[in-house]
Amino acid sequence: MLASVNAQRAQAGVGALSLCGTLTTAAQRHSEDQAAHNSMTHTGSDGSTLGTRAGRAGYNGWTALGENVAYGYTGVDSVMTGWMNSSGHRANILSSTYTHVGFGRATSGSGTEYWTQDFGRSGAC
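For the sequence shown, this note's numbering gives the first residue as 1, with consecutive numbering after it.
Structure follows, in structure tokens:
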């Protein structure tokens with residue numbers, strides 16, 4: 001997914017993002033939470049926001065955060081196509097504000113895949 005995100009950014013003349021371990025932890029935990037509850041949302045089942053989840057994962061000191069979520073896509077290519085065809089998701093992927101990214105993917109008991117991209121700047125990776 002990192003290669004796909006950075007290819008889209010390169011086409012738009014935007015610098016590459018660096019994979020960030022703490023954002024990956026936050027994104028993975030959120031995808032797992034969504035899959036466990038069969039609910040696609042930016043709010044965690046415990047009421048958490050992206051900022052709360054990023055902090056719990058250790059991404060502290062950030063100056064910007066963004067998140068893309070999706071479900072039902074069966075692979076990186078299809079979810080990236082969906083996000084790039086959505087203005088808000090596309091804006092996150094192509095934003096020059098962000099320098100870090102983390103990814104999550106989890107499958108629900110019924111087989112539905114839940115995806116998360118967490119974007120940030122200036123946090124601890």
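Using N, Cα and C, we set each Cβ at its ideal position, and we do this for glycine too.
Please read these numbers as outputs of a predicted model, since none were measured by experiment.
Asked                                                                                     : Found
Three-state secondary structure assigned by DSSP to ASN68                                 : strand
Best match in TYR114, HIS89, GLY75, TYR71 for proximity to GLN8 [C-alpha to C-alpha]      : HIS89
Contact belief for TYR114 with SER4 at Cβ below 8 Å, rounded distance in angstroms        : 18 Å between Cβ atoms; not a contact.
CB of GLY66 within 8 Å of CB of PHE103, strictly                                          : no
Beta-ladder partner(s) of GLN117, from DSSP                                               : ASN68, PHE103
Element boundaries [alpha helix (DSSP H), containing GLY55]                               : 50-57
Cα-Cα separation between LEU17 and SER122, rounded to whole angstroms                     : 12 Å
Member of VAL69, ASN92, THR74 whose CA lies at the smallest distance from the CA of GLN28 : VAL69
SER108 - DSSP class collapsed to helix/strand/coil                                        : coil
Contact under 8 Å by Cβ, GLY58 with ALA124                                                : yes
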